[in-house]
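Written below as structure tokens is the structure these notes are about.
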Amino acid sequence: MHKKQIVVVLVVFAIMGYLFFLPVKGIVKHKEADGHTNSTTTAQARPTANVTVEMVSTAAKATIGPALSAQITETEGQLKNAGDDAAKVSLERKLAKQWDDVNQPAPAAFYYQAIAGKENTFEDWFTAGSHYNDAFKFTQDTSAQPAFVTNAIACFKNATKLKPEDLSAKTGLGIAYVNQTALGITDPDGGSPMQGIMLLLDVVKQDPNNRNANLSLGMFAMKSGQYQKAVQRFKNIIAQKPEVEPYFYLAESYKQLGMKKEAIAAYQKCKEMMPDAAFDQRIDEYIKELKN
């Protein structure tokens with residue numbers, strides 16, 4: 001099985017914990033025309049921690065082993081001794097790729113953002129923002145999440161300035177806005193869960209099959225208890241390209257709706273698409289619960 005596939009699937013369980021246990025501040029069940037949530041409460045602002053690339057790199061090195069860590073540390077040393085911006089950008093790109101190769105989006109995000117700050121291209125701002133969104137989604141370090149989401153918004157805002165109509169950047173910004181309010185952070189430049197949802201709805205209006213926008217809308221619908229809406233989002237994604245992640249969320253949504261037969265069928269699809277012993281064992285446990 002491909003290494004990155006395994007990482008994505010193992011992270012699915014952490015995401016489910018995020019969906020059902022992260023306190024939602026500012027996102028309540030107040031339906032709009034499309035049935036998604038609106039913000040009717042004022043979130044108490046949470047201060048953003050001063051998170052640095054050194055901090056997230058140290059944490060990431062603890063998970064990848066000494067050999068790979070040594071390679072990255074060597075490149076970090078070269079960056080510290082780099083004499084000009086061209087050399088620095090080259091080494092920052094090397095470090096970003098090294099972190100990408102070991103599936104560590106947080107340190108990679110900081111390097112992509114540093115590059116974007118120097119070269120100001122849409123591609124670099126977008127890549128940095130996407131990595132910050134991934135870092136927010138996958139990390140269990142709640143002290144780092146505010147920095148990830150704040151940086152994501154800053155990066156996507158710069159990306160949308162360069163390409164205002166780009167749907168991928170709008171999607172990323174919409175996701176970051178909703179994540180921001182879920183953490184109770186106040187954006188001095190605006191941004192709310194409903195603004196984020198509206199950005200995502202605008203994306204799917206223009207591109208009904210947009211995978212990332214539909215996936216995010218489906219997950220936010222699950223979080224707000226609107227499981228029928230979530231089902232439609234995940235089925236839309238699967239119709240375009242069957243994948244384990246939307247199938248798993250589809251199964252969870254069916255389970256919450258009491259549709260046991262459909263939930264079991266979706267769980268079985270997950271097993272067929274991801275033959276991993278640990279994953280299969282967990283899925284079997286879920287199926288057993290539904291059959292009892």
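The sequence shown: position 194 = 194 (the UniProt record's numbering), numbered continuously.
Heads up, the beta-carbon is just placed ideally off N, CA and C, and yes, glycines get one too.
When you compare only the Cα positions, how much space is there between residue i and residue j?
i	j	result
Glu252	Ala263	7 Å
Ile238	Tyr247	7 Å
Lys260	Tyr267	10 Å
Tyr286	Thr58	36 Å
Gly174	Cys270	28 Å
Asn161	Ala182	According to the sequence provided, residue 161 is Lys. The question's Asn does not apply to it. Approximately 25 Å between the Cα atoms of the pair.
Ala147	Phe110	11 Å
Ser39	Val149	With a pLDDT of 39 at Ser39, under the threshold of 50, the modelled position of that residue is not reliable, and no figure is offered here.
Lys94	Gln226	43 Å
Leu217	Asn50	30 Å
Leu79	Lys97	14 Å
Gln195	Gly83	43 Å
Gln228	Gly65	43 Å
Glu272	Leu290	18 Å
Gln180	Asp85	32 Å
Gln281	Ala265	16 Å
Ile283	Asn292	15 Å
Gly77	Ala87	13 Å
Ser224	Asp141	23 Å
Ala278	Lys137	21 Å
Met222	Leu201	16 Å
Pro47	Ala67	Below a pLDDT of 50, predicted positions are generally treated as unreliable, and Pro47, at 45, falls in that range; the measurement from the model is reported next regardless. If I take the Cα positions, the gap works out to 36 Å.
Along the chain, where does the alpha helix (DSSP H) that runs through residue i open and close?
i	result
Ser253	Val244 to Gln256
Leu68	Pro66 to Lys80
Ile238	Tyr227 to Gln240
Met219	Arg211 to Lys223
Ala265	Lys260 to Met273
Asn133	Phe122 to Phe138
Gly117	Pro105 to Glu119
Ser168	Leu167 to Ala182
Lys88	Asp85 to Asp101
Pro146	Gln145 to Leu162
Leu280	Note that residue 280 is Asp in the sequence shown here, rather than Leu. Its alpha helix (DSSP H) spans residues Ala277 to Lys291.
Can you give the beta carbon distance from residue i to residue j, rounded, assuming they're within the 8 Å contact cut?
i	j	result
Lys235	Leu257	About 13 Å separates the two Cβ atoms, so there is no contact after all.
Leu91	Thr75	6 Å
Ala176	Ala152	4 Å
Gln104	Ala60	4 Å
Glu119	Val89	7 Å
Ile115	Asp124	5 Å
Arg211	Gln240	7 Å
Ala128	Val56	Between Val56 and Ala128 the Cβ distance is about 13 Å, and since that is not below 8 Å, they are no contact.
Gly184	Ser130	At roughly 23 Å, the Cβ-Cβ gap does not stay under 8 Å, so Gly184 and Ser130 are not in contact.
Phe220	Val178	6 Å
Which residue wins for smallest C-alpha separation from residue i, given the options the options?
i	options	result
Trp99	Ser69, Glu119 and Leu79	Ser69
Lys288	Pro275, Met274, Met273 and Lys255	Lys255
Phe122	Met198, Ala169, Pro66 and Ile175	Ala169
Tyr132	Met274, Glu245, Ile115 and Cys155	Cys155
Gly117	Asn158, Phe220 and Ala277	Asn158
Pro107	Asp276, Glu119 and Thr63	Thr63
Ile197	Glu119, Leu215 and Pro105	Leu215
Pro242	Asn81, Val203, Arg282 and Asn209	Asn209
Asp166	Arg233, Leu199, Ala87 and Ile185	Leu199
Asp276	Gln206, Val244 and Lys137	Val244
Pro164	Thr139, Met274 and Val203	Val203
Please tell me whether residue i has its Cβ less than 8 Å away from any Cβ of chain C.
i	result
Gln180	Reference to chain C is not applicable here, since this structure consists of a single protein chain.
Return yes when the C-beta of residue i is under 7 Å from any heavy atom of the ligand ZN, and no when it is not.
i	result
Val53	In the structure shown, the ligand ZN is absent, as is every other ligand, since no ligand is present at all.
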